[in-house]
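For the sequence shown, UniProt numbering assigns the number 1 to the initial residue and increments by one for each residue that follows. From the three backbone atoms N, C-alpha and C, an ideal C-beta is built for every residue, glycine too. Given the structure is predicted, the values throughout are model-derived calculations rather than measurements.
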Amino acid sequence: ECISEGTVIKYLTDGCLLRQILADPHLTQYSVVILDEAHERSLCTDILFGLLKQLFHQEQEIQRKEPLTVVVMSATLDVEKFSAFFGHCSVVEIPGRKYLVEEIFCDALGPRDANSSAFITE
């Protein structure tokens, strides 16, 4: 772990964050937690959602320097379900963009031609 007092952003997997919240149930060293790709549900993320919800209900009893902000991000998340789970919290929707994808197929290559033809584009 390469952190110091000057660390502003700390990247953790869901499993590492779960260990952090189990060691410090109030997450006192954090002011913001961002859970990205929330639609890729796992046991760790589901437990984190429950523990963070529980933490919100206890927030007035906890002495924190700053209130904890939780951001849940996903491109395909059921927004209404998650908003209701967290007590109808604020939702920010950013519309996605679609990009045209062009498929280009090469002629069938023999085993010896594959390496040299990889650099040739039409």
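- In chain order, R64 place their CB closer than 7 Å to the CB of T28, counting only its own chain and leaving out the 5 sequence neighbours on each side.
- In the DSSP assignment, L35 is bridged to V72.
- Nearest to D46 by alpha-carbon distance, out of L17, I62, V32, is L17.
- Counting only runs of 4+ residues, the alpha helix (DSSP H) found wholly inside the segment 40 to 71 occupies 43 to 57, in chain order.
- If you check the CB distance, V33 and V70 come in under 8 Å.
- By the criterion of a C-beta distance shorter than 7 Å, G96 is surrounded in its chain by A75, once the five residues flanking it on both sides are discounted.
- DSSP, reduced to helix, strand and coil, places V101 outside both helices and strands of the structure shown, so it counts as coil.
- In the three-state reduction of the DSSP assignment, V92 falls in the coil class.
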